[in-house]
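Engineer:
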Amino acid sequence: MSCAFLSVNIAQPNPLTSNRHSTNAIKLFSPSFLGSTRKLRPHSLSKSLPSPSKSLRSSVFAVSDVVKELKSNLLITKEEGLELYEDMILGRAFEDMCAQMYYRGKMFGFVHLYNGQEAVSTGFIKLLRKDDCVVSTYRDHVHALSKGVPARAVMSELFGKTTGCCRGQGGSMHMFDKEHNVLGGFAFIGEGIPVATGAAFTSLYKRYVLKEADSDAVTLAFFGDGTCNNGQFYECLNMAALWKLPIVFVVENNLWAIGMSHLRATSDPEIWKKGPAFGMSGVHVDGMDVLKVREVAKEAILRARRGEGPTLVECETYRFRGHSLADPDELRDPDEKAHYANRDPITALKKYMIENKLVNESELKAIEKKIDEVVEDAVEFADESPLPPRSQLLENVFADPKGFGIAPDGTYRCEDPKFTQGTAHV
Amino acid sequence: MAAIFQGIGTTASLSTSNSFDSKRFQFPSRRSYLSERKGNLFVMRSEGRIIGGSKGRGTSPLVTSAVASKAESSSTSTASKPGHELLLFEALREGLEEEMIRDPTVCVMGEDVGHYGGSYKVTKGLAEKYGDLRVLDTPIAENSFTGMAIGAAMTGLRPVVEGMNMGFLLLAFNQISNNCGMLHYTSGGQFKIPVVIRGPGGVGRQLGAEHSQRLESYFQSIPGIQMVACSTPYNAKGLMKAAIRSENPVILFEHVLLYNLKERIPDEEYVLSLEEAEMVRPGEHVTILTYSRMRYHVMQAAKTLVNKGYDPEVIDIRSLKPFDLYTIGNSVKKTHRVLIVEECMRTGGIGASLTAAINENFHDYLDAPIVCLSSQDVPTPYAGTLEEWTVVQPAQIVTAVEQLCR
């Protein structure tokens, strides 16, 4: 599969903000910025295994002004490297612990693990601010963790305890956190993309209608290859490009939608090409390499923050486990699994950092130990947390509980003590 | 367009019943009496109490203080003002615009709401005043722009989504059911979804099956949403304002044939309660529960019934989900006979749910089984005669009451 950056000059002005009532001048896509992305050449997708350090030094070159002039020709500093490593180790260790806990009967239902895809989550989300939003699908534990949701809150949620980030009401597929702007967690694929589009719309609205000049929060929408055949995906690509919403569409193409191979489901499997069809940049990147993902992400997030519109980023990645813990994973070719296992993003980053003398083994070991403790602590916390009491049953059905209506005796039903006890019938 | 002009025809015959209603409306149900007394701003609420809820995370009491002070400063006397006359769609627009002025996060999204002014002109003129971003013309992608409204609501805006025809919202069912209704719950109360989804529905004048759908029956099972149906300019404006101010997702059902109803509404600001029913005509013999356009068929039948010596009590339930069991219950306890007249389909419609609710709660007070007149379970035909026979007509209502009161 060849890959390239395809950028398109968008000639039409933003229809929303360029009407006669708008006082803001609209910057059109300036060719020079687009020119910079052409220099950012991602690694070509070949079956051979390139060594990250060699290829990165020679071909990836970021021009955007956010990337400081590096004294060395390395892509990351030591601090950044350690941060990325820690985040990926957290994702991996957490998911492994989830599997253990599931088989021990501590969590139930559908649990979808992220092993192998950590580079995408870490590469993108570690570049975000706290007020930027993340929207995901059911494979959302690691997105929540990368965004900053405490491991304790996520683990408790998985155990169904009341201390979970959603009070135990959401579960594995519905991770929400208002403080860290994690907007879910959706069980139906494609369902979260419009929500992400809405969050980006709010950011634009705040800037141009509420006149909050510093409103430049970016939204990231994560979803898979299967979603890219869904109508909501295309509808949102259209709207985001049309209104130049500050959003980045991140496709985690792990080639499989449960048991459906991407190639069997898609007429043109190169998803990044669908971006230019809507007038936005389409980018393909090696999703098993966190540094490459990070470079692409910087570009895309900056573009969104500047108000220059959305980007479609296709990350070629792979999930080491089955679709969910209930999936026997018999359809995938063992050779394919082995090939990607050799490109484990954590091993790749470790190799890069050690070869470039950014860190030594002991520092990485210390991180791994620390994360082990964090995950153990999360499990302990979740274990000890209480289950939701009956009184919690009806509390969050409505934001305004008057929505339960008026009882035969004239009072609002929510005033009935049975409501706070959770024993009322609704 | 044909629907609107036909609507004007019906307006003429309904105008008398309209004034009849508005006079009767000030009748002594506790709530309306209280509000009438207050004169200036009044918020229709059960027994005038403010419910301060702190149930669960993120609930907030109904905001009235800001509005009250505004009205008090503007009105001088408690004498009833003459008010101003307008059509229902103008009342909706007035309510919407007042809320947009009051709260800059209120925005409108939908197909042709901006430059076109809305397919039934509810949003006419708003885009010129508030800009293309605030009154957003969306592409034809109901599921996605409804989802977008939900995402915007989660992050701080208060969108009003217009379905060009309610039937189109079937395409948005995924978002309405999964995200609109459920997100507040699955997020553990962290995110609220204060959207209003509105649009014209109901059986019009020969619009064909797909444009004549009644979606209230499909949406009523979704937990976490509220549904209201407006029927007069007065309650249209009040419900629109209440729906926008509500922290819950609200679906506001309007009817294609009612947009040209004319009524005189108060000048001063008012907000109606989303959960309350409206007493249209108090009576003694039978309770007739209805909503939206069927209210007018019922009132027409009521004239005939009065001439025949019956005294029907007509209640416009307005709140389709949840039901106002207080008003309905009081009525049942008084008359002991219930007739439900609705435009929804027979199977699984609002009437079916209402029948179940009344049977469950007020079974002891009933002297006769509840009679429910609904539209036939037929895709609405194009032909005028056939269409007429799918919908409940006043003559059927008269017959039903006569049978019920035997």
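Residue numbers (my numbering), protein chains in the order written: chain A, 1008 to 1433; chain B, 26 to 431. C-beta atoms are modelled at their ideal positions from N, C-alpha and C, and glycine is treated no differently.
How about N1437 (chain A) and E1323 (chain A): are their beta carbons less than 8 Å apart?
Structural biologist: Residue 1437 (chain A) is absent from the structure shown; chain A starts at 1008 and stops at 1433.
Engineer: Give a yes or no on contact between the region 1160–1167 of chain A and the region 1202–1213 of chain A, applying the rule of three or more CB pairs nearer than 8 Å.
Structural biologist: The region 1160–1167 of chain A, when compared against the region 1202–1213 of chain A, does not touch it at the 8 Å Cβ threshold.
Engineer: Taking a cut of 8 Å between CB atoms, which residues from the region 285–297 of chain B lie near chain A?
Structural biologist: Going along the region 285–297 of chain B in chain order, one finds no residue with a Cβ nearer than 8 Å to chain A.
Engineer: Assuming contact is defined by CB atoms lying nearer than 8 Å, are I276 (chain B) and I222 (chain B) in contact in what I supplied?
Structural biologist: Yes, they are a contact pair.
Engineer: Start and end of the beta strand (DSSP E) containing R223 (chain B)?
Structural biologist: It spans 221–226 - the beta strand (DSSP E) in which R223 (chain B) sits, taken as one unbroken run.
Engineer: Would you list the residues sitting across from E1259 (chain A) in a DSSP beta bridge?
Structural biologist: A:G1231, A:C1322, per the DSSP bridge assignment.
Engineer: Nearest to D1416 (chain A) by CA position, among B:I247, B:G156, B:N355, B:T257, is which residue?
Structural biologist: The shortest Cα separation from D1416 (chain A) among B:I247, B:G156, B:N355, B:T257 belongs to B:N355.
Engineer: So is T1226 (chain A) buried or exposed if we call it buried at 16+ other beta carbons inside 10 Å?
Structural biologist: By the 10 Å Cβ count, T1226 (chain A) comes out buried.
Engineer: On the three-state DSSP scale, how would you describe C255 (chain B)?
Structural biologist: Of the three classes helix, strand and coil, the one that applies to C255 (chain B) here is coil, per DSSP.
Engineer: Touching or not, the region 222–234 of chain B and the region 187–204 of chain B, by the rule of three or more beta carbon pairs under 8 Å?
Structural biologist: A contact exists between the region 222–234 of chain B and the region 187–204 of chain B.
Engineer: Does L364 (chain B) have its Cβ less than 8 Å from a Cβ in chain A?
Structural biologist: Closer than 8 Å: no.
Engineer: Just reading off the beta strand (DSSP E) that F244 (chain B) is part of, what are its end residues?
Structural biologist: Where F244 (chain B) is concerned, there is no enclosing beta strand (DSSP E), although the alpha helix (DSSP H) it sits in stretches over 241–244.
Engineer: Tell me, which residues are paired with P184 (chain B) by DSSP?
Structural biologist: BP columns for P184 (chain B) point to B:C132.
Engineer: Quick one: using the 10 Å Cβ neighbour count with 16 as the cut-off for buried, is P404 (chain B) buried or exposed?
Structural biologist: Per the 10 Å Cβ criterion, exposed.
Engineer: Determine, using beta carbons only, whether Y407 (chain B) and Q238 (chain B) come nearer to each other than 8 Å.
Structural biologist: For Y407 (chain B) and Q238 (chain B), no; Cβs fall outside 8 Å.
Engineer: Could you check whether M173 (chain B) and P1201 (chain A) sit closer than 8 Å to each other, using their CB atoms as the reference points?
Structural biologist: Their beta carbons are under 8 Å apart, which means P1201 (chain A) touches M173 (chain B) by this criterion.
Engineer: For E1198 (chain A) and Q1239 (chain A), what's the separation of their Cα atoms in angstroms?
Structural biologist: Going from the Cα of E1198 (chain A) to the Cα of Q1239 (chain A) covers about 7 Å.
Engineer: Could you tell me which chain A residues have their CB closer than 7 Å to the CB of T300 (chain B), listed as they occur along the chain?
Structural biologist: For the record, residue 300 (chain B) in the displayed sequence is Glu; it is not Thr. K1409, G1412, I1413, listed in chain order.
Engineer: Kindly indicate which residue of A:T1354, A:G1098, A:E1383 has the alpha-carbon position closest to the one of G1155 (chain A).
Structural biologist: Minimum Cα distance to G1155 (chain A) is reached at A:G1098.
Engineer: Measuring CB to CB, does L345 (chain B) end up less than 8 Å from M252 (chain B)?
Structural biologist: Yes; because the gap between Cβ atoms is below 8 Å, this pair is in contact.
Engineer: Nearest chain A C-beta to R371 (chain B) closer than 8 Å, yes or no?
Structural biologist: Not an interface residue.
Engineer: So, with DSSP's three-state summary, where would you put L1152 (chain A)?
Structural biologist: Of the three classes helix, strand and coil, the one that applies to L1152 (chain A) here is helix, per DSSP.
Engineer: In terms of residues, what are the limits of the alpha helix (DSSP H) holding V1381 (chain A)?
Structural biologist: Where V1381 (chain A) is concerned, the enclosing alpha helix (DSSP H) stretches over 1368–1391.
Engineer: What does a CB cutoff of less than 8 Å around E1242 (chain A) pick up in its chain, not counting 5 residues either side in sequence?
Structural biologist: P1201, listed in sequence order.
Engineer: Is H1291 (chain A) closer than 8 Å to E1337 (chain A) when the C-beta atoms are compared?
Structural biologist: For E1337 (chain A) and H1291 (chain A), no; Cβs fall outside 8 Å.
Engineer: Please name the residue, chosen from B:A177, B:P184, B:E301, that lies closest to V160 (chain B) on a Cα-to-Cα basis.
Structural biologist: Residue B:P184 is the option with its Cα nearest to V160 (chain B).
Engineer: For S271 (chain B), which of helix, strand or coil comes out of DSSP?
Structural biologist: The answer is coil: DSSP assigns S271 (chain B) none of H, G, I, E or B.
Engineer: Along the region 216–233 of chain B, what residues have a CB closer than 8 Å to any CB found in chain A?
Structural biologist: For the region 216–233 of chain B, which is checked against every Cβ of chain A, the residues closer than 8 Å are F216, K217, I218, P219.
Engineer: Using a C-beta cutoff of 8 Å, does F1405 (chain A) count as contacting chain B?
Structural biologist: Interface residue, yes.
Engineer: Per the DSSP calculation, T1204 (chain A) is bridged to which residue(s)?
Structural biologist: Its beta-bridge partners do not exist; DSSP assigns none.
Engineer: Measure how close the beta-carbons of D349 (chain B) and S256 (chain B) come, nearest whole angstrom, since I'm counting them as under 8 Å.
Structural biologist: That belief does not hold up - the Cβ atoms of D349 (chain B) and S256 (chain B) are roughly 15 Å apart, past 8 Å.
Engineer: For V426 (chain B), which residues of its own chain have a beta-carbon under 7 Å away from its beta-carbon, when the five flanking residues on both sides are left out?
Structural biologist: V311, L330, Y335, P337, L364, listed in sequence order.
Engineer: Can you list, in chain order, the residues of its chain with a C-beta nearer than 7 Å to that of M370 (chain B)? Leave out the 5 residues immediately preceding and following it.
Structural biologist: The answer, listed in chain order, is R239, S242, S399, S400, D402.
Engineer: Provide the residue span of the alpha helix (DSSP H) that contains R1312 (chain A), from first to last.
Structural biologist: Counting along the chain, the alpha helix (DSSP H) containing R1312 (chain A) begins and ends at 1297–1312.
Engineer: For a contact defined as C-beta to C-beta under 9 Å, what are the partners of G308 (chain B) on chain A?
Structural biologist: Correct list: empty, because the minimum Cβ distance to chain A is about 20 Å.
Engineer: One question on the structure: do G1316 (chain A) and A1248 (chain A) come within less than 8 Å of each other, judged by their Cβ atoms?
Structural biologist: Yes; because the gap between Cβ atoms is below 8 Å, this pair is in contact.
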